[in-house]
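A.B. asks: Okay, so the sequence shown: first residue is 1170 according to my numbering, each after it adds one. Every residue, glycine too, gets a C-beta built ideally from N, C-alpha and C. Predicted model, so just to flag it, every value in this text is computed and none were measured.
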Amino acid sequence: MSASTTPDVRQHMERLAAEGIDVVRVTYPDLIGTERARDVLLDHLPAAYDHGLAFCRAVYHTSPQGDVVPVAGGLDAGLPDIAVRPDLGTLVALPWEPGVAACLGEVIDPATGAPAPESPRDLLRAVLTRCREQGLRPVVGPELEYFLCEPDAASGGWRRYARDAGVVYTAGLRADPDNHLLRTLRLLRELNIGALSGNHEFDGGQFEINLTHSEALSAADRAFRFKAAVKELARKEGRLATFMAKPFNDAGGSGFHLHLSCEGEDGRNAFDDPAGTYGLSATARHAIAGILAHAPALAALANPTVNSYRRFGPDTLAPWLIDWGLDNRSAMVRIPPERGSGARLELRLGDASANPYLLIAATLAAALLGIRAGAEPPAPLEGYGYDTAKAALLPMNLSAALDALEADSDLTELLGKDFTASYLSYKRNEVERFGRHVTDWEFTEYAHHL
1170 MSASTTPDVR QHMERLAAEG IDVVRVTYPD LIGTERARDV LLDHLPAAYD
1220 HGLAFCRAVY HTSPQGDVVP VAGGLDAGLP DIAVRPDLGT LVALPWEPGV
1270 AACLGEVIDP ATGAPAPESP RDLLRAVLTR CREQGLRPVV GPELEYFLCE
1320 PDAASGGWRR YARDAGVVYT AGLRADPDNH LLRTLRLLRE LNIGALSGNH
1370 EFDGGQFEIN LTHSEALSAA DRAFRFKAAV KELARKEGRL ATFMAKPFND
1420 AGGSGFHLHL SCEGEDGRNA FDDPAGTYGL SATARHAIAG ILAHAPALAA
1470 LANPTVNSYR RFGPDTLAPW LIDWGLDNRS AMVRIPPERG SGARLELRLG
1520 DASANPYLLI AATLAAALLG IRAGAEPPAP LEGYGYDTAK AALLPMNLSA
1570 ALDALEADSD LTELLGKDFT ASYLSYKRNE VERFGRHVTD WEFTEYAHHL
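(1) Please give me, in chain order, every unbroken run of the beta strand (DSSP E) with length at least 3 that falls completely inside the segment 1214 to 1249.
(2) If you count every other CB in all the chains shown that lies within 10 Å of the CB of LEU1260, and 16 or more means buried, which is it?
(3) For ARG1332 and SER1591, what's the separation of their Cα atoms in angstroms?
(4) Since LEU1357 contacts PHE1393 with CB under 8 Å, what's their CB separation in whole angstroms?
(5) Compare the Cα-Cα distances from ASP1131 to each of GLY1247, ILE1190, ASP1256, ASP1250 and report the closest residue.
(6) Please tell me whether PHE1425 and LEU1528 are closer than 8 Å, where the distance is taken between their beta carbons.
(7) Just to confirm the assignment, what range does the beta strand (DSSP E) spanning ILE1277 have?
(8) By the DSSP assignment, the alpha helix (DSSP H) with ARG1299 in it spans what residues?
(9) Fully enclosed by the segment 1334 to 1364, which alpha helix (DSSP H) runs are 4 residues long or longer?
(10) Within a Cβ cutoff of 8 Å, which residues of the same chain sit near SER1578, ignoring the five residues on either side of it in sequence?
(11) Three-state secondary structure (DSSP) at ARG1184?
(12) If we ignore side chains and look at the alpha-carbon of each, how far apart do LEU1533 and ASN1361 end up?
(13) In whole angstroms, give me the CA-to-CA distance for GLU1378 and ALA1456.
(14) Considering only the beta carbon of each residue, do GLY1304 and GLU1384 sit closer than 8 Å?
(15) Taking GLY1552 as the reference, which of PRO1525, LEU1518, ALA1530, LEU1495 has the closest Cα?
(16) For LYS1586, count neighbouring C-beta atoms within 10 Å of its own C-beta (all shown protein chains included) and say buried if the count is 16 or more, exposed if not.
(17) From what residue to what residue does the alpha helix (DSSP H) around GLU1604 run?
(18) If you drop the 5 nearest sequence neighbours on each side, which residues of the same chain put their C-beta closer than 6 Å to that of ARG1179?
(19) Out of curiosity, what's the CA-to-CA distance linking THR1174 and PRO1215?
(20) List the endpoints of the continuous alpha helix (DSSP H) containing ILE1190.
(21) Could you tell me which of ALA1523, ILE1504, ALA1322, LEU1514 sits nearest to LEU1467, measuring between CA atoms?
(22) Count the CB pairs spanning the segment 1273 to 1291 and the segment 1368 to 1375 that are closer than 8 Å, and state whether there are at least three.
Written out as structure tokens, the structure reads:
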């Protein structure tokens, strides 16, 4: 019996047809977390499930501007295929696209039958296997911010939607005169990705939507689908939603914070210990120490663009020093006040442009290295941070972060040498292209005076 005739596939097809769905959108993340996809007519789902959908592997090596970056296994290998097989367990109807359901895709290298080396979802799976070997099951809660923009007829570009100042932590028409947030929340609820709540954030046109916590792979899947959905819903409104780290000079940046805990083999929160220092277990303290120790390399994945480092700086509430604190939002790693089942750490390093799979995988890898080493963190930050006399600086540009990643052999061993090599090649090309580009700042600064 072929895969296409198994009851599982037939049952999915019958259910979808009964719901009026005739198209399945198969999606997967590329190296930077952008959604790649193909729409498959329902009648052809069995063939897609049996054989996979053919894509060029160089999709992982394609820049946001459409250039194919020379990464090993792409151009040099004659632009070979990858196969993307629908993961039918992730099927969900798209509430804004009548007749369409979407599912994630499993990415396979047809030459080996193994996952494609650049597949972010499979990288996270590999790190989770290492966590299970340590007797730990990571639980992650993602928090993401984004800016909503609308067309600017005067410039032909984009401007921030609802630019009023002083509307941080608000909801309703004062901060959102067209009810963008309410519409988005209700549609995300139907998408069933664990959207909990949302509010207007610090800067005009900036929003934050929180997702529930779950097992780490599910959290990454949901964060990936969340970002794709928000961007698609903004397009339906004739607007642009951007998860760029810092899109405007006169506004702050957008973060991607991770709340992380681990369950032990007994199912209990392995970060909680009422008798431990600060009410934290040794496992939690070792995890904090690992994240601090590998933070320079972690930045290459948590802050993955040239623009990411515009978000750093004093009084930005974006961490740029390697420190931790107890319920202290000026620290890179914050320990929220809850203990018991709610004991966790919050990594505030990541910005919204990060690929959810890579950010979570790298954070777990760094924490796992600290747990294995049995390391203890330094004393926690007290008071308002950003004092360079108290803590080391993070890399302050993408090039330095990539160098730190390449030099961190322990972390790259966990992430995989093939993946790391591809990522470094791809991102160093970004740095090189930016270095050759004449910016608006340079023209404004020099053209009329020199």
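C.D. replies: The relevant details are as follows:
(1) 1222 to 1225
(2) What you label residue 1260 is simply residue 91 of the sequence shown in a count that begins at 1. Counting Cβ neighbours within 10 Å, LEU1260 comes out buried, since at least 16 surround it.
(3) For the purposes of this step, residue 1332 is taken as residue 163 along the sequence shown, with counting starting at 1. For the purposes of this step, residue 1591 is taken as residue 422 along the sequence shown, with counting starting at 1. Cα to Cα, ARG1332 sits roughly 40 Å from SER1591.
(4) Taking the sequence shown and counting its residues from 1, the one referred to as residue 1357 is at position 188. Taking the sequence shown and counting its residues from 1, the one referred to as residue 1393 is at position 224. About 13 Å; that fails the 8 Å criterion.
(5) What is shown of the chain runs 1170 to 1619, which leaves residue 1131 out entirely.
(6) Taking the first residue of the sequence shown as 1, we reach residue 1425 at position 256. Taking the first residue of the sequence shown as 1, we reach residue 1528 at position 359. In contact: PHE1425 and LEU1528 (Cβ atoms closer than 8 Å).
(7) As a working mapping, residue 1277 is identified with position 108 in the sequence shown. That run of the beta strand (DSSP E) goes 1269 to 1277.
(8) As a first step, residue 1299 must be located in the sequence shown, where it is residue number 130. Here the alpha helix (DSSP H) through ARG1299 covers 1289 to 1302.
(9) 1349 to 1360
(10) Reading the sequence shown from its first residue, position 409 is the one you call residue 1578. Contacts found: none.
(11) On the sequence shown, position 15 is the one that residue 1184 refers to. Helix.
(12) Counting from 1 along the sequence shown, the entry for residue 1533 is found at position 364. Counting from 1 along the sequence shown, the entry for residue 1361 is found at position 192. Cα to Cα, LEU1533 sits roughly 25 Å from ASN1361.
(13) As a first step, residue 1378 must be located in the sequence shown, where it is residue number 209. As a first step, residue 1456 must be located in the sequence shown, where it is residue number 287. Correcting the residue type first, residue 1378 is Ile in the shown sequence and not Glu. Each residue's Cα considered, the two are about 26 Å apart.
(14) Mapped onto the sequence shown, residue 1304 falls at position 135. Mapped onto the sequence shown, residue 1384 falls at position 215. It is not a contact, given that the beta carbons lie outside the stated cut-off.
(15) Sequence index remark: in the sequence shown, residue 1552 carries index 383 (1-based). Comparing Cα positions, the closest option is LEU1495.
(16) Position 417 of the sequence shown, counting from 1, holds the residue named residue 1586. Exposed, since its Cβ has fewer than 16 Cβ neighbours within 10 Å.
(17) Translated into the one-based positions of the sequence shown, residue 1604 becomes position 435. Reading the sequence as shown, one finds Gly at residue 1604 and not Glu. Run containing GLY1604: 1586 to 1604, per the alpha helix (DSSP H) assignment.
(18) Taking the sequence shown and counting its residues from 1, the one referred to as residue 1179 is at position 10. Cβ neighbours of ARG1179 beyond the five flanking positions: none.
(19) Working through the sequence shown from its first residue, we reach residue 1174 at position 5. Working through the sequence shown from its first residue, we reach residue 1215 at position 46. Residue confidence is low: THR1174 scores 48 on pLDDT, short of 50, so the model does not pin down where it sits. No coordinate-derived value is stated.
(20) The residue you call residue 1190 lines up with position 21 of the sequence shown. That residue, ILE1190, is in no alpha helix (DSSP H); it is neither H nor E in DSSP.
(21) Numbered from its first residue, the sequence shown carries residue 1467 at position 298. The option with the nearest alpha carbon to LEU1467 is ALA1523.
(22) no
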